[in-house]
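Below is one structure, written out as structure tokens; the observations come after it.
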Amino acid sequence: MVSHKIRLGADIGGTFTDIALEVHGTIYSTKLLTNYTAPEQSILDGVEIVTRDAGISPADIDIIIHGTTLATNALIQRHGAKTALVTTEGFRDVIEMRTENRFEQYDLDLVLPPPLISREDRFPIAGRIGAQGQELSPLDEAALEELADTLVERDYGAVAIGFIHSYLNPAHEERAREILSRKVSVPISISAEVSPQMREFERFNTVCANAYVRPQMANYLSRLQARLKEMGAGCPVFMIHSGGGLISVETASECPVRLVESGPAGGAIFAADIANRFNIDQALSYDMGGTTAKICLIDDFQPQTARTFEVARTYRFCKGSGMPISIPVIEMIEIGAGGGSIASVDVMGRIQVGPESAGSEPGPACYQHGGEQPTITDADLILGKLDPHNFADGKILLSIDNARQAVSRDVGSKLDLDSDAAAFGICEMVDENMANAARVHTVENGKTIDEYVMIAFGGAAPLHAARLCEKLGIARCLIPQGAGVGSAIGFLKTPFGYEALASRIMSLSSFNASAVNALLGDLRGTAERFVRAGTDDRILFEVTAYMRYAGQGWEIPVPLPNREFTESDKATIETLFRERYVQFFGRAIEGPEIEFVTWSVKAQDERPEPDKVALDHEGTPIEAETSRDVFDPVAGAYRPTGIVPRDTLQPGARVIGPAIIVERETSTIVTSPFDAVVQSDGAILLVRKGAAA
Amino acid sequence: MRDMDEIRLQVMWNRLISVVEEQAMTLLRTAFSTSVREAGDLSAGVYNARGEMLAQAVTGTPGHVNTMAEAVMHFIAEIPSESMYPGDTYVTNDPWKGTGHLHDITMVTPSFKGDELIGFFACTAHVVDVGGRGFGADGQSVYEEGIQIPIMKFAERGEVNQDLLRILRLNVREPNQVIGDFHSLAACNDVGHKRLLEMLDEAGLDNLERLGAFILSRTHTAIMERLEALPRGTWSNDMLTDGYDEPVKLAVSISISDGGLGVDFSGTAAMSRWGINVPLIYAKAYACYALKSVIAPDIPNNAASLAVFNVSSPTNILNAERPAPVSVRHVIGHMVPDLVLGALAQALPGKVLAEGAAALWNVHISARPTADSEGRRAEVLMFNSGGMGARPTLDGLSATAFPSGVHTMPIEATEHTGPIVVWRKELRPASGGAGKYRGGLGQIIEIAPADGHEFNFSAMFDRITAPARGRDGGQHGAPGSVTLDDGTPLRPKGWQHVPAGRRLVLQLPGGGGFGEPNERSREACESDQVKGYVTEDRS
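Going down the list, the protein sequences come from chains A and B. Read in full-length UniProt numbering, the first sequence has 265 at position 265, and its numbers run on one by one without any break. Read in full-length UniProt numbering, the second sequence has 236 at position 236, and its numbers run on one by one without any break.
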């Protein structure tokens, strides 16, 4: 039923706005530069282009699905509302004191990211909830009455409320909102609603972030809806959230922090949909663009999710240098490695790549736009991976001389390497960095990376995917069609979904079935309400408990059956926990108590199963008509390499590596250990020579 | 071909660092000990067959990292190579051969490729309990501080030493957690070993020799270049710290010559009768950390970069001899950076930060129901930090651990671990030393027993009698204080009582300022006022 609809996906990214329109199974897409002063304009322009291409009118669109980086940008660039934080007396500085840690131990001149809300805008109020949810001291309502006047006087544009232990008992936060809202007309966000999870720094920061971007996002979303209506597109608009589901515009306006990282989430859903179609139950999505690479694990066609993440990292993508946001999110690791990442040599003579990026302006040295520092793209060009006359659809003429000059000056001469070897070193180092990050990420999740099939998209990914697979021991990599606007296409596949979370610490030995059933009932109700805003279809629920041995600090997600529990489920849950623990850490432990920390219910509408297609690993070998010398990392030397235009390839063709499959926006490098087989839908499967299907 | 070789060795160096990072992450995720899992009090590293450290995980804290660099040598000395087998794991908590007190368990695993011993993996973590008096300064000798595990086999050919576990089980207060941590430590070394073999196979190498030589020679060249750039000479410094019951003087002289950087603690006070003594291995770890952070922050920690530091001392509180009590060696150990940097600042004027709170203000709380009530007993450990000294071009970081690399824990999590209520944990205004750049602020913490409970706590605090001094005209930071909420003063060290209905009030010290206060920019002064970082009379 859903597939009959005409759906439009719009992804506003930092540089580009991608639009994808699906009309009866056919996809029309376009890419526009993001308009920063009026982001909705880029969407309107895009809608016009794709509807014209498809021969329909905007009024024919049944649903618009939108993801945007605007909330993320507001946090990174700190241009949100003037926000006040009302917090528990004695805890005024939680968001400023952070974890009391230096994320880089050897940098004595370290600068910590300033708190989102400055100290003079944080207002402590007496009243305290205890660790069992009981009231330890009453809320100071008189002080709140006075504070309301101050907030009005000082002309705040938004208010956040974050009290200690409110995830257990929101009464004080709710009452405070009630009192303040009698006088304060700006939106008030409370932490128990935005992020009902334990750990005050994360929760307070999340509610602050929500309040901070709320006026701006609400304003943008209402403008967008109005303008779409004006152009005739009166259909409902839904927003993709960081957890990879859809929420209504109204919900998004109240809880815009859920929109952070929604673009990358679309990419992961794009990959998950492809994994589902080809029945790949362990997929690793790998998205590499101009400035960063992102990696996500997709098991059983579901992108992996987490309860918390970090945005706006200020220090070389270093863990701990950003702002923690505790909301359900598709879990991705981000590495400062993209086509524009800059290479240099450190004091030990080691080649370093990124995270600084030359971006699109001035861009890599080979663009001849004034960029002088060597980048990944320059190295790729020197090694023959890019055709200088056929880059970005021939729009940019690349200069090999410029690339060689930059690589020699900043890397080669310092290590006594010629520019070929230096370029190889740069590529090896960036591929190694990505491989290391992917490996550590899978270890953290108790998984084994070489069992995965990679799904590679984004402009730079097909250039590096094969080598990355070699380093990770991965035998198969799929490069889908439409990889350039992957996120926007992913939006079209996104289910109506919402994950509701709540922290409730309880030991397994004192498992209280009726309390758990009541809590899960609430969470189910919350999640379902959000999903029902968009669909009447059947809803599927997933229940997860985040559990640990008492005394540990790291919880692991344990999927539980979606039903009422009885006291006798204690043993079942213990078994499920122990199985998961073994999966993560190798062996379970005897003795310690097991405990629950956080509960989650995820609701999403049931999607029609796509038509499944088996991966074709065989194909019929074809001869490349032209060839050029390309550097072979295995041989450590240049070798004649077949050049094959992607649009000449028919399904079933097998391209023998080493070869390069060229297309308008990028090239797929088939390294010598791999061959490439074109799939029925035009996707390219890189398959290791001799690998069993 | 030489070119390719260079690049491949560089790539493998990178990979080796990733291998130890995986090792550390495994420990972080599986450990029971609060200080490991929440606070990152751990370290992990890889060594060549001679026991020279080649790489260490970024995750970890300096006191462990640099001590562990040497610990492996002791294991090699005591366990003959002919009795090392694949599947073995060795252990100790010897303060003089490990990382300075009994709470730290160090495990070393030989890495075999086929029959050849190619190297070692080592890791260290602070466990919740080792028996004895518990974590605190009250012991009169190391024998009172807990069970001592000599360098021995935790596992031989994969078989865990059950006798050791049985002895442990009977000697520690939280046997499940402690034994769980022993297994976590062993498992993390196994992860490192497995990854190393995969890497060597992929690269077609038989052992770590070539890669190790490459890493150490590159590092040696880089660190020697830095050494050459330093002025030659000898500089000295001394400072007072609170001690247990009387102030303790620390003294150092550093000498920079072509051969390296010498650090000598002559002139430092004699050993204490209390558990605040520091084994030299730990004092050395923090001296190296501080000096390296100033002169070579970008050069990785390994045997070659640490080799330029020569640390010596006659027997004294920074080179305590067995059987001195050493349980809270971190308090004075954390002062060592301020001590040696004070000397280095004379060699490198204008380049070295001011003194800070330095020692963590750890609180170990032992809570119980009052005589007439029902309730629960629990041990609660909190890590808290005062202000860091102002830097030559920046204010000091407020409430931030330095030199230690640990984190604090959320108070919401802390309150779940035991019957206490944290009523306040926020910045302490006017505690940063004035200067062109202001010292970091300390913090104020108020902790009460939950209704119907009382608690004892182990004080491990410093900078109460001797505040952090400013540099180049900067003023000193506010000293710390420990009291009850009714004003009753408490001692900076040792176990003390907080009755039901009272609160423990900790005022953590601020960092010293840098440069003359009247040179502070007007914007910075105004911002301090608006934010309430200073109070009227102090600005």
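Virtual Cβ for every residue (Gly too), placed ideally from N, Cα, C.
### Proximity to residue 543 of chain B [Cα-Cα], best of B/265, B/230, B/534, B/352
Nothing can be reported for residue 543 of chain B, as the shown portion of chain B is limited to 1 through 539.
### Query
How about residue 407 of chain B: is its C-beta nearer than 9 Å to some C-beta of chain A?
yes
### Message
Quick check for students: name the residue ranges of the alpha helix (DSSP H) that lie wholly in the region 109-191 of chain A, counting only runs of 4 or more.
### Response
141-153, 171-181
### Any alpha helix (DSSP H) of 4 or more consecutive residues that is wholly inside the region 394-447 of chain B
411-417
### Query
Just reading off the alpha helix (DSSP H) that residue 542 of chain B is part of, what are its end residues?
The requested residue 542 of chain B is not part of the displayed model; chain B covers only 1 to 539.
### Message
Starting from residue 212 of chain A, trace the alpha helix (DSSP H) in both directions and tell me its first and last residue.
### Response
DSSP places residue 212 of chain A in the uninterrupted alpha helix (DSSP H) bounded by 200-230.
### Query
How is residue 323 of chain A classed by DSSP in three states: helix, strand or coil?
strand
### Task
Output, in chain order, the set of chain B residues within a Cβ distance shorter than 7 Å of residue 554 of chain A.
Simply 29, 37.
### Query
When the cut-off is 9 Å and only beta carbons count, does residue 421 of chain A lie next to chain B?
yes
### Query
Can you find a C-beta in chain A that's less than 9 Å from the C-beta of residue 180 of chain B?
yes
### Query
Would residue 242 of chain A be called buried (16 or more neighbouring beta carbons within 10 Å of its own) or exposed?
Under this definition residue 242 of chain A is a buried residue.
### Task
Report, in whole angstroms, the separation of the C-beta atoms of residue 239 of chain B and residue 339 of chain B, which I expect to be a contact under 8 Å.
6 Å
### Task
Check whether the Cβ atoms of residue 332 of chain B and residue 96 of chain B sit closer than 9 Å, and answer yes or no.
No, they are not a contact pair.
### Task
Step through the CB atoms of chain B and report whether any lies within less than 9 Å of the CB of residue 118 of chain A.
yes
### Query
Would the region 207-225 of chain A and the region 71-86 of chain A be scored as touching if the rule is three or more Cβ pairs under 8 Å?
yes
### Task
Apply the 10 Å Cβ neighbour rule to residue 152 of chain B and answer buried if 16 or more other Cβ atoms are within range, or exposed otherwise.
Answer is exposed; the Cβ neighbour count stays below 16.
### Query
Is the shortest distance between the beta-carbon of residue 130 of chain A and the beta-carbons of chain B less than 9 Å?
Yes, its Cβ sits closer than 9 Å to a Cβ of chain B.
#### Entry: Extent of the continuous alpha helix (DSSP H) to which residue 97 of chain A belongs
Boundaries of the alpha helix (DSSP H) harbouring residue 97 of chain A: 94-97, taken from the DSSP string.
### Task
Please report how far the alpha carbon of residue 90 of chain A lies from the alpha carbon of residue 418 of chain B, in whole angstroms.
20 Å
### Task
Helix, strand or coil for residue 455 of chain B, going by three-state DSSP, please let me know.
strand
### Task
For residue 651 of chain A, count neighbouring Cβ atoms within 10 angstroms of its own Cβ and tell me buried if that reaches 16, exposed if not.
exposed
### Query
Does the beta-carbon distance from residue 205 of chain B to residue 148 of chain B come in below 9 Å?
no
### Query
Mind checking residue 250 of chain A: buried by the 16 CB within 10 Å criterion, or exposed?
exposed
### Proximal chain A residues relative to residue 86 of chain B, where beta-carbon distance stays under 9 Å
By Cβ distance, chain A contributes nothing, its closest Cβ being about 18 Å from residue 86 of chain B, past 9 Å.
### Task
Could you check what DSSP says for residue 62 of chain B in three-state terms: helix, strand or coil?
helix
### Query
Helix, strand or coil: which one does DSSP assign to residue 47 of chain B?
strand
### Query
Can the beta-carbon of residue 510 of chain A be found less than 9 Å from the beta-carbon of residue 168 of chain A?
no
### Query
Between the region 128-137 of chain A and the region 48-57 of chain A, do at least 3 Cβ pairs fall closer than 8 Å?
no
### Task
Could you name the residues of the region 341-372 of chain A whose beta carbon sits closer than 9 Å to any beta carbon of chain B, in the order they occur along the chain?
346, 347, 348, 349, 350, 351
### Message
Just checking: is the beta-carbon of residue 182 of chain A within a distance shorter than 9 Å of some beta-carbon in chain B?
### Response
no
### Query
Can a CB atom of chain B be found closer than 9 Å to the CB of residue 471 of chain A?
yes
#### Entry: Limits of the beta strand (DSSP E) - the one that residue 124 of chain B falls within
Bounds of the beta strand (DSSP E) holding residue 124 of chain B are 116-126.
#### Entry: Close beta carbons around residue 102 of chain A, own chain, < 6 Å, minus the five adjacent residues each side
110
### Task
Assign residue 271 of chain A to one of three DSSP states: helix, strand, or coil.
Helix at residue 271 of chain A.
### Task
Quick one: which unbroken beta strand (DSSP E) runs of 3-plus residues sit fully inside the region 489-528 of chain A? Chain order, please.
Qualifying beta strand (DSSP E) stretches, in chain order: 497-507.
### Message
Please state the DSSP three-state secondary structure of residue 408 of chain A.
### Response
helix
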